[in-house]
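Peer 1: Residues -5 to 361 in the working numbering are what the sequence shown spells out, letter by letter. Glycine included, every Cβ here is placed at the ideal spot set by N, Cα and C. In this text, all values refer to a predicted model and were calculated from it rather than measured experimentally.
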Amino acid sequence: MAVANLTTQQTILSEVRRLERNRRALRIWLGIVLLALVCLVLVGGATRLTNSGLSITEWKPIHGVIPPLTAAEWEEEFKLYQRIPEFQQLNSDMTVEDFKSIFWWEWAHRLIARGIGVIFALPLVFFWLTGMVERRLRWPLAGILALGGLQGFIGWWMVSSGLSVRTDVSQYRLAAHLVMACLIFAACMWIMRGLSPHSNDAAPTESSRAWAAIIAIFALFQIYLGALVAGLDAGFTYNTWPLMDGAIIPSDLLIQKPAWINFFENPKTVQFFHRAGAYVLFALAFINMVVALRAAPQTTHARRAVVLFALVTLQAAIGIATLLLQVPFHWGLLHQAGALIVLGFAVANWRGFYGEFAHDTMIAERD
């Protein structure tokens, strides 16, 4: 009987080790996906800052991988760009060589997006077929893959808004595109964090988990507001701080009618609420840190609260500098990178209150 029990325990221990190896492999894979998503968002930001997003006027998911290779192909691509309002109204003096400088940003953005589809889908199929994906994670991971496919459609839907009447893309569609990218990023972070070992420290307070959720969700909302700012080029105006147009709360925030339209189409209003959102996020992170340090100063949760507040503070400083400098290229990208880092850490912090995913194989203690 003792021999049988020992054999059973050895079998279970072997299964637990196998599960840990599988989880480590999945964490590495998701970490690579997260890094690729950061690159995708940053190249997307560069595309926006260089006004390159409308340089490719057709959606070719497969054929579009190959860029123009000959002078004739460049001329053909340039003629397609010449048909849209952006060229006709803003860039009519552009040459083929000028066109190449904006084409490559958009092409790189689309290529990275396709690459992420490959580095997510192919390993997922391999892990799934070899039994390395735990049952509870199969459909969530498949759901992320589906969101990636939907994101490709949203990206083209965004670009198409600037091909016929407008000289730029719709800020509504730009915000939808960025928020979807952030949701995919957050979902990957959530699962990767759930596959990681956690401390056994108790939450500082009963409301700590809810507070962490609020901070993560508000960080995503702040990114949405930032996307509206980018879509309206609102960051290039009112480049003073802490005053805006000479006041803490500037006038004419609701000058457009109906009033609600100002929150989406008035550059002054959109920038003001992005500023206000930053103050709210800063306050949330500060209160979270103070409460955690008072209630449980030596815990992992408290240390994470300190790091989160430091990241939010740094991001606020970068945002202020970007505004005062009138959104130079590198500062704009740094601000966008900071937003992703804050969101990623906020999601990881939130997930930390749930602990590691329960193992399918558990060892029962017996007397």
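My understanding is that THR41 touches TRP99, with C-beta atoms under 8 Å, so please give their C-beta distance in whole angstroms.
Peer 2: Sure, about 5 Å apart at Cβ, within 8 Å.
Peer 1: Buried or exposed: ILE185, going by 16 or more other Cβ atoms within 10 Å of its Cβ?
Peer 2: buried
Peer 1: So which of PRO291, CYS182, LEU74, THR263 has the shortest CA-CA distance to GLN250?
Peer 2: Of the candidates PRO291, CYS182, LEU74, THR263, the residue whose Cα lies closest to the Cα of GLN250 is THR263.
Peer 1: For the alpha helix (DSSP H) containing THR263, name the first residue and the last one.
Peer 2: 261 to 289
Peer 1: Among ALA352, VAL223, ALA342, TRP254, which one has its Cα closest to the Cα of THR316?
Peer 2: VAL223
Peer 1: Judging by CA-CA distance, which residue of PHE347, LEU7, VAL274, ARG12 is the nearest neighbour of SER201?
Peer 2: PHE347
Peer 1: What's the call for TRP101, buried or exposed, on a 16-neighbour Cβ count within 10 Å?
Peer 2: buried
Peer 1: Rounded to the nearest angstrom, how far is the Cβ of ASN282 from that of ILE209, given a contact under 8 Å?
Peer 2: 6 Å
Peer 1: Here's a check: name, in chain order, each residue in its chain whose Cβ is nearer than 7 Å to the Cβ of SER193, leaving out the five neighbours to either side.
Peer 2: THR294
Peer 1: Could you spell out where the alpha helix (DSSP H) holding PRO134 opens and where it closes?
Peer 2: 129 to 154
Peer 1: Following the continuous alpha helix (DSSP H) through ALA224, name the residue where it begins and the one where it ends.
Peer 2: 202 to 225
Peer 1: Under 8 Å, do LEU20 and MET126 count as touching if we go by C-beta distance?
Peer 2: Contact flag set, yes.
Peer 1: Spatial neighbours of PRO93 within its chain, please: CB distance less than 8 Å, with the 5 preceding and 5 following residues excluded, ordered by chain position.
Peer 2: In the sequence as presented, Pro is not what sits at residue 93; that position holds Phe. These residues qualify, in order along the chain: SER49, TRP68, GLU71, PHE72, TYR75.
Peer 1: Quick test of the definition: if touching needs 3 or more C-beta pairs under 8 Å, does the segment 308 to 323 touch the segment 28 to 48?
Peer 2: Three or more beta-carbon pairs separated by less than 8 Å link the segment 308 to 323 to the segment 28 to 48, which places the two stretches in contact.
Peer 1: In this structure, how does DSSP classify ALA65 when only helix, strand and coil are distinguished?
Peer 2: helix
Peer 1: Report the option in LEU13, LEU105, TYR232, VAL341 whose CA atom is closest to the CA atom of GLN265.
Peer 2: TYR232
Peer 1: Comparing C-alpha positions only, which one of SER8, GLU14, LEU7, GLU9 sits nearest to GLU350?
Peer 2: Of the candidates SER8, GLU14, LEU7, GLU9, the one whose C-alpha sits nearest the C-alpha of GLU350 is GLU14.
Peer 1: To the nearest angstrom, how far is it from the Cα of LEU247 to the Cα of ARG11?
Peer 2: 60 Å
Peer 1: Please tell me whether LEU24 and CYS176 are closer than 8 Å, where the distance is taken between their beta carbons.
Peer 2: no
Peer 1: Return the first residue and the last residue of the alpha helix (DSSP H) that ILE113 is part of.
Peer 2: 90 to 123
Peer 1: As an exercise, report each continuous alpha helix (DSSP H) stretch of at least 4 residues that is fully enclosed by the segment 282 to 333, in chain order.
Peer 2: Entirely contained in the segment 282 to 333, the alpha helix (DSSP H) runs reaching 4 residues are, in chain order, 294 to 318.
Peer 1: Out of GLY142, THR199, PHE97, state which residue places its alpha-carbon closest to the alpha-carbon of ILE110.
Peer 2: GLY142
Peer 1: Should ASN343 and ALA206 be called a contact, given that it needs their Cβ atoms to be closer than 8 Å?
Peer 2: yes
Peer 1: The alpha helix (DSSP H) that contains VAL173, what's its start and end?
Peer 2: 165 to 188
Peer 1: Can you list, in chain order, the residues of its chain whose CB lies under 8 Å from that of LEU34, leaving out five sequence neighbours each side?
Peer 2: HIS103, ILE106, ALA107, ILE110, ALA175
Peer 1: Might you give, ordered along the chain, the residues of its own chain that have their beta carbon closer than 6 Å to the beta carbon of GLY156, omitting 5 neighbours on each side?
Peer 2: LEU48, ASP162, VAL163
Peer 1: Rounded to a whole number of angstroms, what is the C-alpha to C-alpha distance between GLN145 and VAL274?
Peer 2: 29 Å
Peer 1: Taking the Cβ atom as the reference point for each residue, do ALA270 and VAL306 lie within a distance shorter than 8 Å?
Peer 2: no
Peer 1: Less than 8 Å separating the beta-carbons of ALA333 and ILE217?
Peer 2: yes
Peer 1: Taking the CB atoms as reference points, tell me whether GLN165 and GLY240 lie closer together than 8 Å.
Peer 2: no
Peer 1: In three-state terms, what does DSSP make of ALA352?
Peer 2: coil
Peer 1: Please go through the same chain and pick out, in chain order, the residues whose beta-carbon is closer than 8 Å to the beta-carbon of TRP150, but skip the five residues on each side of it.
Peer 2: TRP53
Peer 1: Can you say whether LEU135 is buried or exposed, counting buried as having 16 or more other CB atoms within 10 angstroms of its CB?
Peer 2: buried
Peer 1: Taking the alpha-carbon positions, what's the GLU359 to VAL27 distance?
Peer 2: The predicted model places GLU359 with a pLDDT of 42, which falls under 50 and marks its position as unreliable, so this point remains unresolved.
Peer 1: With the cut-off set at 8 Å, would you say ILE312 and LEU328 are in Cβ contact?
Peer 2: yes
Peer 1: Should GLU91 go down as buried or exposed, given a rule of 16 or more other Cβ atoms within 10 Å for buried?
Peer 2: exposed
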